[in-house]
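Colleague: Handing you this structure, nothing more for now.
In the working numbering, the protein residues as written are 150 to 319.
Written out as structure tokens, the structure reads:
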């Protein structure tokens with residue numbers, strides 16, 4: 150998913166312990182239709198609320214094994230919602246990889262390993278992962294939306310926001 154400034158939006162998944170119990174929602178929070186045998190309940194993986202199959206949306210998630218899950222319309226359409234803000238001190242729902250310009254970064258690589266294009270302009274936006282591999286921001290953001298490891302060395306990219314900021318904020 151892309152936000153208004155072109156950064157990939159990645160959300161943190163809600164732990165199962167914070168999911169709304171099935172019996173607490175007789176109807177979908179998206180369309181207000183009652184659940185029954187053919188209209189099943191699906192938990193939003195971002196806020197833990199319950200929606201029907203028609204109202205669920207696919208989102209990219211950080212702290213899951215598949216990196217993809219389903220969300221309610223509110224969590225899928227907005228970077229942060231009041232529902233996520235209220236939810237029991239969960240980590241921030243939106244994280245983006247920080248970037249800097251190629252000219253400001255002291256790195257040995259001269260080309261992006263994803264698109265195999267050289268870093269031409271000192272003002273070109275790049276991102277450096279904790280393993281110190283460098284990529285064009287436009288190349289690594291979509292990769293990290295679906296994966297939690299460096300595309301070159303497969304080193305796991307930390308999911309903890311404070312660690313991400315330490316390595317990725319310039």
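From the three backbone atoms N, C-alpha and C, an ideal C-beta is built for every residue, glycine too. Please read all numbers here as calculations on a predicted model, not as lab measurements.
1) I need the straight-line Cα distance from residue 185 to residue 200, nearest angstrom please.
2) Of all the alpha helix (DSSP H) runs that stay within the bounds of the stretch 193–230, which reach a length of 4 or more residues?
3) Leaving out five residues before and five after residue 169 in sequence, what residues of the same chain have Cβ atoms less than 6 Å from its Cβ?
4) Specify the secondary structure class of residue 186 as computed by DSSP and reduced to three states.
5) Let me know the secondary structure DSSP gives residue 294 once reduced to three states.
6) Quick one: residues in its chain with C-beta nearer than 8 Å to the C-beta of residue 191, no 5 flanking neighbours on either side, listed in chain order?
7) Out of 189, 304, 193, 179, which one is the CA nearest neighbour of residue 167?
8) Hey, how far is the Cα of residue 179 from the Cα of residue 223?
9) Per DSSP, what kind of secondary structure is residue 304 in: helix, strand or coil?
10) Output the distance between the C-alpha atoms of residue 281 and residue 187, rounded to the nearest integer angstrom.
11) Thinking residue 284 and residue 276 are a contact (beta carbons under 8 Å), I'd like their distance in whole angstroms, please.
12) Assign residue 302 to buried or exposed, taking buried as 16 or more other Cβ atoms, counted over all protein chains shown, within 10 Å of its Cβ.
Modeller: Based on what the coordinates show:
1) 12 Å
2) 222–226
3) 197, 198, 199
4) Residue 186: coil per DSSP, three-state reduction.
5) helix
6) 199, 200, 201, 202, 205, 219
7) 193
8) When rounded, the distance between both Cα atoms is 8 Å.
9) Looking at residue 304 - three-state DSSP - the assignment turns out to be coil, as it is neither helix nor strand.
10) 50 Å
11) Between residue 276 and residue 284 the Cβ distance is about 6 Å, and since that is below 8 Å, they are a contact.
12) exposed
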